[in-house]
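Asks: With the numbering used here applied, the sequence shown covers 1 to 221. Glycine included, each C-beta is placed from N, C-alpha and C at the ideal position. Take this structure, written in structure tokens, and hold onto it; I'll ask about it next.
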Amino acid sequence: MISFSKVLIKKEFHELFFSVKGLFYFLVVSVILSLFSALLVTNTELSLLDNAQALYMISGIILALMMLISSVYGSDAIAGERERRTLETLLITPIGASEIALSKLAFSSLLYFLLFLIGLPYFIAIGSSGQNVAVGLVYLFFIGWMLSIIYTSIAIYISQNVNSLKNSMMITLAIVLISATPLIISPAMRKAGLGKVMDYLNPFGDAVNTLDSVIIDSEPF
1 MISFSKVLIK KEFHELFFSV KGLFYFLVVS VILSLFSALL VTNTELSLLD
51 NAQALYMISG IILALMMLIS SVYGSDAIAG ERERRTLETL LITPIGASEI
101 ALSKLAFSSL LYFLLFLIGL PYFIAIGSSG QNVAVGLVYL FFIGWMLSII
151 YTSIAIYISQ NVNSLKNSMM ITLAIVLISA TPLIISPAMR KAGLGKVMDY
201 LNPFGDAVNT LDSVIIDSEP F
């Protein structure tokens with residue numbers, strides 16, 4: 001039976017709002033989205049983008065940030081607790097190892113919702129006068145949520161099976177960097193050879209392609 005620890009989720013909630021780590025997550029998202037929004041206004045080339053393209057770009061950045069933060073949170077979930085010597089405290093309570101992992105995964109969804117709310121005003125401001133804003137927002141929310149679950153799960157699994165937080169973080173960040181390649185390589189490269197294979201196997205690549213179809217091409221899912 002799947003179960004969650006209310007005590008652990010409460011602990012995570014407290015750490016999110018009353019620790020430097022939690023506030024850092026919110027600050028990173030706000031600063032990066034603010035910088036990109038400023039670039040859209042001040043940069044000559046970016047300011048010439050049509051509304052749909054700008055909306056697609058901010059959507060990709062929001063997804064990348066969610067993927068990054070979910071992965072960082074997940075990589076700290078077990079390895080971090082172990083290094084801070086708080087994992088032993090959790091294990092001697094009536095909480096099983098699987099319950100700890102599931103509780104961490106459940107809390108990552110709450111973290112995602114809060115971070116999505118931070119990104120919401122930027123998405124609406126950039127897309128306010130364009131097409132497919134409402135449908136794009138719906139797709140962004142659910143696709144981002146699925147990505148959050150996927151990458152947090154991967155990171156928690158890695159965190160359980162490595163001997164240090166540093167190693168957990170390095171492996172997880174390497175996966176994030178590889179996953180984020182659709183943001184930095186051209187569509188032509190993604191449609192041929194190795195790029196096509198990587199795009200097919202990459203959940204983030206699928207997410208970006210879906211948003212491209214919905215926001216720019218106005219196609220159904």
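Distance, Cα to Cα, GLY144 vs LEU111?
Replies: For the purposes of this step, residue 144 is identified with residue 144 of the sequence shown, where counting begins at 1. For the purposes of this step, residue 111 is identified with residue 111 of the sequence shown, where counting begins at 1. When rounded, the distance between both Cα atoms is 12 Å.
Asks: Spatial neighbours of ILE124 within its chain, please: CB distance less than 8 Å, with the 5 preceding and 5 following residues excluded, ordered by chain position.
Replies: Taking the sequence shown and counting its residues from 1, one reaches residue 124 at position 124. Closer than 8 Å at Cβ, skipping near neighbours: VAL133 and LEU137.
Asks: Do ALA77 and ILE216 have their CB atoms nearer than 7 Å?
Replies: Position 77 of the sequence shown holds residue 77. Position 216 of the sequence shown holds residue 216. Contact: no.
Asks: Return the chain-ordered list of same chain residues with a C-beta closer than 7 Å to the C-beta of ALA207, the five sequence neighbours on each side being excluded.
Replies: Numbered from its first residue, the sequence shown carries residue 207 at position 207. Closer than 7 Å at the Cβ level, and outside the excluded window around ALA207, lie LEU63, ILE143 and LEU147.
Asks: Quick check: the Cα distance between LEU49 and MET57, rounded to an integer number of angstroms?
Replies: Numbered from 1 along the sequence shown, position 49 holds the residue referred to as residue 49. Numbered from 1 along the sequence shown, position 57 holds the residue referred to as residue 57. Taking the straight line joining both Cα atoms gives about 10 Å.
Asks: Assign PHE107 to one of two classes, buried (16 or more other C-beta atoms within 10 Å of its C-beta) or exposed (fewer than that).
Replies: As a working mapping, residue 107 is identified with position 107 in the sequence shown. So PHE107 counts as buried.
Asks: Cα separation between GLU12 and SER30?
Replies: For the purposes of this step, residue 12 is taken as the residue at position 12 of the sequence shown. For the purposes of this step, residue 30 is taken as the residue at position 30 of the sequence shown. Roughly 21 Å between the two C-alpha positions.
Asks: Helix or strand or just coil, what does DSSP make of ALA49?
Replies: Taking the first residue of the sequence shown as position 1, residue 49 is located at position 49. It is Leu, not Ala, that sits at residue 49 in the sequence shown. DSSP places LEU49 in coil when its eight states are reduced to three.
Asks: Go to ASP206, then tell me how far its alpha helix (DSSP H) extends in each direction, as first and last residue.
Replies: Along the sequence shown, one-based indexing puts residue 206 at 206. Here the alpha helix (DSSP H) through ASP206 covers 203-211.
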